[in-house]
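Colleague:
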Amino acid sequence: MTAVATPPPQGNLLASILSEDSFRPAEPRKIEETGLTAALVETLILKYLTLLGSASGRQIADQVCINYLILEPIFNSLRQRQLVIHGGAAQLNDYVYTLTDQGRARAKAAMEQNAYIGAAPVPLEDYIVSVEAQTIRAEAPQKRQLQKAFSDITVEQQMLDMLGPAVNSGAGLFLYGAPGNGKTTLAKRITACYGQTIWIPKAITEDGQYIKLYDAAFHEPIEQAGNTLLKTADYDRRWIKIRRPTVVVGGELTMDALEIRHDPRSNVSEASLQMKSNCGSLLIDDFGRQRMAPIELLNRWIVPLENRIDFLTLATGKKIQVPFEQLIIFSTNLQPKDLADEAFLRRIPYKIEVKDPGREEFHLLFKIGCKGASCEFKPEVVDHLIEKHYKPARRPLRRCQPRDLLNQVRNYCVYNGIPVEMRPEYFDRVVPSYFTVVSGG
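First residue of the sequence shown? That's 5 in my numbering, and the numbers climb one at a time after it.
1) Would you report the Cα separation of Phe-370 and Thr-317, rounded to the nearest angstrom?
2) Quick one: give me the first and last residue of the beta strand (DSSP E) that His-367 is part of.
3) Starting from the C-beta of Ile-356, find all residues in its chain whose C-beta is less than 6 angstroms away, skip the five residues before and the five after it, and write them out in chain order.
4) Classify Leu-318 as helix, strand or coil using the three-state DSSP reduction.
5) Beta-carbon separation of Arg-108 and Thr-47 under 8 angstroms?
6) CB Ile-70 to CB Val-126, shorter than 8 angstroms?
7) Is it buried or exposed, Lys-280, if we count other Cβ atoms within 10 angstroms and call 16 or more buried?
8) Could you check which residue in Arg-398, Pro-406, Pro-400 has the C-alpha nearest to that of Val-385?
9) Would Ile-299 pass as a contact of Leu-177 if the rule is Cβ separation under 8 angstroms?
10) Taking all protein chains shown into account, do 16 or more other C-beta atoms lie within 10 angstroms of the C-beta of Val-418, making it buried, or fewer, making it exposed?
11) In terms of residues, what are the limits of the alpha helix (DSSP H) holding Phe-348?
12) Tell me whether the stretch 282 to 290 and the stretch 248 to 260 touch, counting them as touching only if at least three CB pairs, one residue from each stretch, are closer than 8 angstroms.
13) Out of Gln-325, Arg-241, Lys-34, Asn-415, which one is the CA nearest neighbour of Pro-77?
14) Using alpha carbons as the reference points, say which of Arg-241, Thr-320, Asp-219 lies closest to His-266.
15) Check the C-beta distance from Tyr-52 over to Arg-62 and give it rounded, since I have them as a contact under 8 angstroms.
16) What is the residue span of the alpha helix (DSSP H) that Thr-47 lies within?
17) Within 8 angstroms, do at least three Cβ pairs link the stretch 130 to 148 to the stretch 161 to 175?
18) Between which two residues does the beta strand (DSSP E) harbouring Ser-335 extend?
19) Taking only the alpha-carbon atoms, compute the straight-line gap between Lys-392 and Tyr-354 and give it to the nearest angstrom.
20) For my contact list, Ser-58 and Thr-102 are in at a C-beta cut-off of 8 angstroms; report their separation, rounded to the angstrom.
21) Report, in whole angstroms, the separation of the C-beta atoms of Leu-262 and Leu-277, which I expect to be a contact under 8 angstroms.
22) Please tell me whether Leu-164 and Val-358 are closer than 8 angstroms, where the distance is taken between their beta carbons.
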């Protein structure tokens with residue numbers, strides 16, 4: 005086990021207080037501490053060399069994310085068995101390694117069995133320990149964390165008072181209301197309430213299978229001091245430090261994405277969305293518009309929401325148990341009661357309606373938007389807009405509209421080579437084309 009989740013020695017107390025990490029993967033000092041066999045690491049080395057042709061020992065160590073000193077005995081073993089040869093000298097008593105014919109044959113066989121090339125994987129059990137140590141349920145964010153997370157957007161105090169307990173619970177949440185009122189924006193800010201960054205493995209192994217977990221589409225790395233020629237990292241580089249993830253999926257979501265997806269050609273698997281969002285938030289945006297029936301999706305999650313564990317199937321057919329430790333947020337334009345039955349709604353304890361903004365907030369949204377558009381805010385122009393284009397047509401105010409209308413005015417002004425200003429006649433020009441598309445709301 006390479007994970008460290010226990011209190012530090014007294015001498016490291018100050019570092020512990022100053023550190024955000026509730027979990028930090030300790031750097032292994034020998035191959036046994038990685039939880040992997042030397043044979044598995046050998047195949048990663050051989051596959052990398054067949055891809056690159058030749059590489060120094062330290063280049064290979066950087067690729068597989070294992071300390072060079074740990075790999076030295078493996079390099080010596082590969083050389084003694086005539087799978088690699090020294091192709092030349094490298095810096096700091098290192099060598100350039102090249103495959104022999106026998107080594108190429110071994111690498112080819114390994115590639116046919118499994119085409120994964122990259123960081124050495126982390127055993128599933130170590131990943132489970134990391135999730136339990138970094139769960140959002142241990143965070144219990146309070147009012148000040150919420151106010152900080154939502155400081156760059158306008159949120160009424162009443163809304164914050166409703167969101168606070170929901171975020172604090174770490175349980176499921178429905179955000180519902182008319183489109184354009186910022187449900188998705190709210191949901192994306194919620195993860196920030198939990199504050200900390202977390203550590204995740206780049207890849208996981210179980211039952212001989214490789215599961216890629218790190219996904220650049222959802223995970224934002226936090227830069228760490230890496231290896232140099234004279235200094236090694238003080239953590240297990242098979243792991244990567246990221247911001248707590250917010251995984252957002254919309255109408256494109258399919259049931260397949262909720263399972264471990266296996267590529268039969270490479271024999272490499274991809275983690276499910278639940279695993280990628282562990283210790284963060286999973287936002288199902290525009291819920292009810294997916295290609296599957298809402299009840300099908302909800303039934304998939306009844307047991308995980310209740311027990312905080314999920315059961316997934318590997319390509320070998322083996323069932324594995326993984327943590328289900330994220331805040332699931334359903335954002336929808338529909339009423340929750342029209343999407344789910346009572347049994348499921350009981351497992352999503354918080355249902356919060358995101359209502360239309362009032363006139364005062366509408367002015368504030370224009371004021372904020374004017375800063376981004378680099379133009380002077382004129383409240384009388386907003387009043388003109390409401391009286392002429394909203395009240396007669398009985399149009400509801402929506403939070404997205406100030407930003408959208410200001411963008412339209414800016415585009416109109418730039419096209420005509422005139423200064424960007426809030427003028428009634430400019431809004432009179434752009435309103436018809438805007439509300440022709442988003443009519444009536």
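By construction, the Cβ of each residue, glycine as well, lies at the ideal position given by its N, Cα and C atoms.
Modeller: Taking the structure as given:
1) Walking along the sequence shown from the start, residue 370 turns up at place 366. Walking along the sequence shown from the start, residue 317 turns up at place 313. Looking at the two C-alpha atoms, the distance is approximately 50 angstroms.
2) Locating residue 367 in the sequence shown gives position 363, counting from the first residue. First-last for His-367: 363 to 377, but that is the alpha helix (DSSP H), not the beta strand (DSSP E).
3) Here residue 356 corresponds to residue number 352 of the sequence shown, with the count starting at 1. Annotation for Ile-356: Met-166, Leu-179 place their beta carbon closer than 6 angstroms to its own, counting only its chain and skipping 5 residues before and after.
4) Working through the sequence shown from its first residue, we reach residue 318 at position 314. Reduced to three states, the DSSP call for Leu-318 is coil.
5) By one-based count along the sequence shown, residue 108 stands at place 104. By one-based count along the sequence shown, residue 47 stands at place 43. At least 8 angstroms separates the beta-carbon of Arg-108 from that of Thr-47.
6) As a working mapping, residue 70 is identified with position 66 in the sequence shown. As a working mapping, residue 126 is identified with position 122 in the sequence shown. Not a contact, by the Cβ cut-off of 8 angstroms.
7) Position 276 of the sequence shown, counting from 1, holds the residue named residue 280. By the neighbour-count rule (16 or more Cβ atoms within 10 Å), Lys-280 is buried.
8) For this step, residue 385 is matched to residue 381 along the sequence shown. Out of Arg-398, Pro-406, Pro-400, the CA that lies nearest to the CA of Val-385 is found in Pro-406.
9) Mapped onto the sequence shown, residue 299 falls at position 295. Mapped onto the sequence shown, residue 177 falls at position 173. For Ile-299 and Leu-177, no; Cβs fall outside 8 angstroms.
10) The count along the sequence shown starts at 1 and reaches residue 418 at position 414. With fewer than 16 neighbouring CB atoms inside 10 Å of its own CB, Val-418 falls in the exposed class.
11) To locate residue 348, count along the sequence shown from 1; it is residue 344. From DSSP, the alpha helix (DSSP H) with Phe-348 extends over 346 to 351.
12) Counting C-beta pairs closer than 8 angstroms gives three or more between the stretch 282 to 290 and the stretch 248 to 260, which meets the contact rule.
13) Counting from one through the sequence shown, the residue named residue 77 turns up at place 73. Comparing Cα-Cα distances from Pro-77 to each of Gln-325, Arg-241, Lys-34, Asn-415, the minimum goes to Lys-34.
14) Numbered from its first residue, the sequence shown carries residue 266 at position 262. Nearest C-alpha to His-266: Thr-320.
15) Your numbering for residue 52 matches position 48 in the sequence shown. Your numbering for residue 62 matches position 58 in the sequence shown. In this structure Tyr-52 does not touch Arg-62 by the C-beta definition: roughly 13 angstroms separates them, more than the 8 angstroms allowed.
16) In the sequence shown, the residue the question calls residue 47 occupies position 43. Residues 42 to 56.
17) Using a Cβ-Cβ distance cut-off of 8 angstroms, the stretch 161 to 175 and the stretch 130 to 148 are in contact, since at least three pairs of beta carbons, one from each stretch, lie closer than that value.
18) The count along the sequence shown starts at 1 and reaches residue 335 at position 331. Note, Ser-335: beta strand (DSSP E), 331 to 336.
19) Working through the sequence shown from its first residue, we reach residue 392 at position 388. Working through the sequence shown from its first residue, we reach residue 354 at position 350. Taking the straight line joining both Cα atoms gives about 38 angstroms.
20) Here residue 58 refers to the residue found at position 54 of the sequence shown. Here residue 102 refers to the residue found at position 98 of the sequence shown. Your pair Ser-58 and Thr-102 checks out as a contact, with CB atoms roughly 4 angstroms apart and the cut at 8 angstroms.
21) The residue you call residue 262 lines up with position 258 of the sequence shown. The residue you call residue 277 lines up with position 273 of the sequence shown. Correct: roughly 6 angstroms between the Cβ atoms.
22) Start at 1 with the first residue of the sequence shown, and residue 164 comes out as number 160. Start at 1 with the first residue of the sequence shown, and residue 358 comes out as number 354. Not in contact: Leu-164 and Val-358 (Cβ atoms no closer than 8 angstroms).
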